[in-house]
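Visitor: Residue numbers (our numbering), protein chains in the order written: chain A, 119 to 318; chain B, 119 to 318.
2 protein chains.
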Amino acid sequence: MNAATDTRSRIIAAAKPRFHSRSYANVGIQEICESAGVQKGSFYHFFPSKRDLVMAVIDEFADEWANGFVAEAFDPALPPMERIDYLVDAAYFWQKSIKQVHGRMLGCIFGNLTLEVSTQDDILRAKLLAIFSRAKSRFKDTLEEAVAAGTLAPLDSDLTAEAMLAYLEGVILLAKSQNDPELIYRLGPAIKTLRVETAA
Amino acid sequence: MNAATDTRSRIIAAAKPRFHSRSYANVGIQEICESAGVQKGSFYHFFPSKRDLVMAVIDEFADEWANGFVAEAFDPALPPMERIDYLVDAAYFWQKSIKQVHGRMLGCIFGNLTLEVSTQDDILRAKLLAIFSRAKSRFKDTLEEAVAAGTLAPLDSDLTAEAMLAYLEGVILLAKSQNDPELIYRLGPAIKTLRVETAA
DNA sequence: GATTTTCTTGACCGGACGGTCATCTACAGA
DNA sequence: TCTGTAGATGACCGTCCGGTCAAGAAAATC
Chain A
119 MNAATDTRSR IIAAAKPRFH SRSYANVGIQ EICESAGVQK GSFYHFFPSK RDLVMAVIDE
179 FADEWANGFV AEAFDPALPP MERIDYLVDA AYFWQKSIKQ VHGRMLGCIF GNLTLEVSTQ
239 DDILRAKLLA IFSRAKSRFK DTLEEAVAAG TLAPLDSDLT AEAMLAYLEG VILLAKSQND
299 PELIYRLGPA IKTLRVETAA
Chain B
119 MNAATDTRSR IIAAAKPRFH SRSYANVGIQ EICESAGVQK GSFYHFFPSK RDLVMAVIDE
179 FADEWANGFV AEAFDPALPP MERIDYLVDA AYFWQKSIKQ VHGRMLGCIF GNLTLEVSTQ
239 DDILRAKLLA IFSRAKSRFK DTLEEAVAAG TLAPLDSDLT AEAMLAYLEG VILLAKSQND
299 PELIYRLGPA IKTLRVETAA
């Protein structure tokens, strides 16, 4: 790892927990630079703007999830509907461990950023939309596999997948308002009761 | 209406759409004062801090809803489960009309603020929590009435109510990420499929 | 009419914001 | 050895931030 990529990744590493635990507007570039041991001019050598930084942070979170819990949850070896349980459990354990370390439930950074910036920055909104879109596809594929396997009565897999994603985000939102990840544990399993029937 | 309450309410009136359409951090007191035609010193005569202002704004939104759509939706004359449909419809039409006027879907201000500030301000978090708690009670009472009437198979009304509220918030979040209220229309009705069974 | 309280005015505070820039250093390739 | 480039430095830009304050105007109370 040369000096250049090291500086860049130190910036991202400093920014990640801050954007996650506070908000986009509330985290300043100066603070990130100080924490990363980087001068401001150097920051702007790697990131044209604050928005570009948060995009890189979004990518990092997305990769982390895709290669971690999501890869585990959507393991083809698992029965389809169990994968959904697995993912909800992963969200629960993750939020729980964050709270143990940090003292607070931080929620989903994609949801957090969506509600904060999506009326003000269409480029960020598009970025976040793409993340949700990929998540939805995972759910959809899983639902279709379950239907094909006969584990699940036929339904509108596209809309049901979207409903499940919405539900997961909503549960995390409510849990954050209570600062209590246990809500995810209690409400999570009901995700499988959601159904949108196929249009007649 | 004397001058005092008029100034106060003009401040709130100027703040409401701004906090709703942007974010807490992104709206400054100076801007609100200019829009309301009020001097800064006068602002701080009525509101000890920015936080107090946003609390008043939250109260106004809550009252507006409680006396408007919510009162209509939870009309005892309606069959219980239809009340839930009514509320989801109201959310849809509201967001749709906002988009027509404003060009954007603004979402639920309670959800927006929750994700933005609840890790940074426990007093605001408590305020928002109380709003959600009241909303949950409405759902819960309705579910219990439906069960009593035999329209709905017995379930855990407390957790199901919370699940429904979470789902509604999640759907609005996803719709906001797409800047498309139609998603509420498509996903909303599935709220009634949510069930948390009573613990054995 | 005198006094007290409520409200308004507008200048002012220190500090943080995102972002720029000229200058310097280090290193790579020719 | 020379040159071009990537990276680092730190001062600097104008602007906005939430909040304060002393003074004055207006209105209510007696």
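C-beta atoms are modelled at their ideal positions from N, C-alpha and C, and glycine is treated no differently.
Quick caveat: nothing in here was measured; it's all calculated off a predicted structure.
So which of A:S141, A:E280, A:S275, A:K168 has the shortest CA-CA distance to I129 (chain A)?
Guide: As a first step, residue 129 (chain A) must be located in the first sequence, where it is residue number 11. Nearest C-alpha to I129 (chain A): A:K168.
Visitor: Within its chain, find whatever has a CB closer than 8 Å to the CB of L301 (chain A); leave out the 5 residues flanking it on each side and keep chain order.
Guide: Reading the first sequence from its first residue, position 183 is the one you call residue 301 (chain A). Within the same chain, V289, L292, A293 come within 8 Å of L301 (chain A) by CB-CB distance, once the 5 residues on both sides are set aside.
Visitor: Around the C-beta of V219 (chain A), are 16 or more other C-beta atoms found within 10 angstroms, so that it is buried, or is it exposed?
Guide: Locating residue 219 (chain A) in the first sequence gives position 101, where the first residue counts as 1. Answer is exposed; the Cβ neighbour count stays below 16.
Visitor: Chain B beta carbons: is any one of them nearer than 8 Å to that of K294 (chain A)?
Guide: For the purposes of this step, residue 294 (chain A) is taken as the residue at position 176 of the first sequence. Chain B contact via Cβ: present.
Visitor: If you drop the 5 nearest sequence neighbours on each side, which residues of the same chain put their C-beta closer than 6 Å to that of Y204 (chain A)?
Guide: As a first step, residue 204 (chain A) must be located in the first sequence, where it is residue number 86. Contacts found: A191.
Visitor: Residues of chain B with CB closer than 7 Å to the CB of S139 (chain A), please, in chain order.
Guide: As a first step, residue 139 (chain A) is located in the first sequence; it is residue number 21 there, counting from the start. Result: T237.
Visitor: Determine the direct distance from the alpha carbon of P307 (chain A) to that of F211 (chain A), and round the result to whole angstroms.
Guide: Within the first sequence, the letter at position 93 stands for residue 211 (chain A). Within the first sequence, the letter at position 189 stands for residue 307 (chain A). The straight-line gap from Cα to Cα measures roughly 14 Å.
Visitor: If distances are taken between C-alpha atoms only, which option among B:I176, B:G225, B:T278 comes closest to V247 (chain B)?
Guide: If you number the second sequence from 1, residue 247 (chain B) lands on position 129. With the sequence shown as reference, residue 247 (chain B) is identified as Leu, and Val is not the correct amino acid for it. Cα-wise, what sits closest to L247 (chain B) is B:I176.
Visitor: Whose C-beta lies closer than 6 Å to the C-beta of Q296 (chain B) among residues of the same chain, with five residues either side of it excluded?
Guide: Stepping through the second sequence from its first residue, residue 296 (chain B) is reached at position 178. Nothing meets the Cβ criterion.
Visitor: Measuring alpha carbon to alpha carbon, tell me which of B:I241, B:A253, B:Q238 ends up nearest C226 (chain B).
Guide: For the purposes of this step, residue 226 (chain B) is taken as the residue at position 108 of the second sequence. Closest by alpha carbon: B:A253.
Visitor: Put V145 (chain A) into one of helix, strand or coil per three-state DSSP.
Guide: By 1-based counting over the first sequence, the position of residue 145 (chain A) is 27. Coil, per DSSP.
Visitor: Alpha carbon to alpha carbon, what distance is there between A266 (chain A) and Q213 (chain B)?
Guide: The sequence position of residue 213 (chain B) within the second sequence is 95, counting from 1. The sequence position of residue 266 (chain A) within the first sequence is 148, counting from 1. Cα-Cα distance, rounded: 37 Å.
Visitor: Can you find a C-beta in chain A that's less than 8 Å from the C-beta of N185 (chain B)?
Guide: Walking along the second sequence from the start, residue 185 (chain B) turns up at place 67. Residue contact with chain A for N185 (chain B): absent (no Cβ-Cβ distance below 8 Å to any residue of chain A).
Visitor: Count the other C-beta atoms from every protein chain shown that fall within 10 angstroms of the C-beta of S255 (chain B), then say buried if there are 16 or more, exposed otherwise.
Guide: Within the second sequence, numbered from 1, the residue matching residue 255 (chain B) stands at position 137. Under this definition S255 (chain B) is an exposed residue.
Visitor: Check whether the segment 271 to 279 of chain A touches the segment 275 to 286 of chain B, counting contact only when three or more Cβ pairs, one atom from each stretch, lie closer than 8 Å.
Guide: no
Visitor: Measuring only between beta-carbons, confirm whether Y285 (chain A) sits less than 8 Å from chain B.
Guide: As a first step, residue 285 (chain A) must be located in the first sequence, where it is residue number 167. Taking Cβ atoms only, chain B reaches closer than 8 Å to Y285 (chain A), which makes this a yes.
Visitor: Between the segment 132 to 152 of chain B and the segment 221 to 238 of chain B, do at least 3 Cβ pairs fall closer than 8 Å?
Guide: yes
Visitor: Are the CB atoms of R313 (chain A) and T311 (chain B) within a distance shorter than 8 Å?
Guide: Here residue 311 (chain B) is taken as the residue at index 193 of the second sequence, counted from 1. Here residue 313 (chain A) is taken as the residue at index 195 of the first sequence, counted from 1. Yes.
Visitor: Among A:F137, A:G221, A:S153, A:R126, which one has its Cα closest to the Cα of F161 (chain A)?
Guide: By 1-based counting over the first sequence, the position of residue 161 (chain A) is 43. Of the candidates A:F137, A:G221, A:S153, A:R126, the one whose C-alpha sits nearest the C-alpha of F161 (chain A) is A:R126.
Visitor: Can you check the segment 149 to 234 of chain B for any alpha helix (DSSP H) of at least 4 residues that lies completely inside it and give the ranges in chain order?
Guide: 158 to 164, 168 to 185, 187 to 191, 198 to 220
Visitor: Between the segment 237 to 257 of chain A and chain B, which residues of the former have CB atoms less than 7 Å from a CB of the latter, in chain order?
Guide: T237, Q238, R243, L246, L247, F250
Visitor: By the three-class DSSP mapping on this structure, what secondary structure does S295 (chain B) have?
Guide: The sequence position of residue 295 (chain B) within the second sequence is 177, counting from 1. In the structure shown, S295 (chain B) falls within a helical segment according to DSSP collapsed to helix, strand and coil.
Visitor: CB-CB under 6 Å to R136 (chain B), same chain, minus the five flanking residues each way: which ones, in chain order?
Guide: Residue numbering aside, residue 136 (chain B) sits at position 18 when the second sequence is read from its first letter. These residues qualify, in order along the chain: V145.
Visitor: According to DSSP, simplified to helix, strand and coil, what is A133 (chain A)?
Guide: As a working mapping, residue 133 (chain A) is identified with position 15 in the first sequence. Helix.
Visitor: For chain B, find out if any of its Cβ atoms is closer than 8 Å to the Cβ of E98 (chain A); answer yes or no.
Guide: There is no way to answer for residue 98 (chain A), as the model of chain A reaches only from 119 to 318.
Visitor: Helix, strand or coil, according to DSSP, for G288 (chain A) in the structure here?
Guide: Counted from its first residue, the first sequence places residue 288 (chain A) at position 170. In the structure shown, G288 (chain A) sits in a helix (DSSP, three-state: H, G or I).
Visitor: In or out: A271 (chain B) buried (at least 16 other Cβ within 10 Å) or exposed?
Guide: The count along the second sequence starts at 1 and reaches residue 271 (chain B) at position 153. When all chains shown are included, A271 (chain B) counts as exposed.
Visitor: Three-state secondary structure (DSSP) at G306 (chain B)?
Guide: For the purposes of this step, residue 306 (chain B) is taken as residue 188 along the second sequence, with counting starting at 1. The three-state secondary structure of G306 (chain B), taken from DSSP, is helix.
Visitor: Buried or exposed: A182 (chain B), going by 16 or more other Cβ atoms within 10 Å of its Cβ?
Guide: Sequence index remark: in the second sequence, residue 182 (chain B) carries index 64 (1-based). Checking the sequence, you will find Glu at residue 182 (chain B) rather than Ala. Its Cβ having fewer than 16 others within 10 Å, E182 (chain B) is exposed.
Visitor: So, for P299 (chain B): in the same chain, excluding its five sequence neighbours on each side, which residues have a beta-carbon less than 7 Å away from its beta-carbon?
Guide: Stepping through the second sequence from its first residue, residue 299 (chain B) is reached at position 181. Y210, Q213, K214, K217, M223, A293, listed in sequence order.
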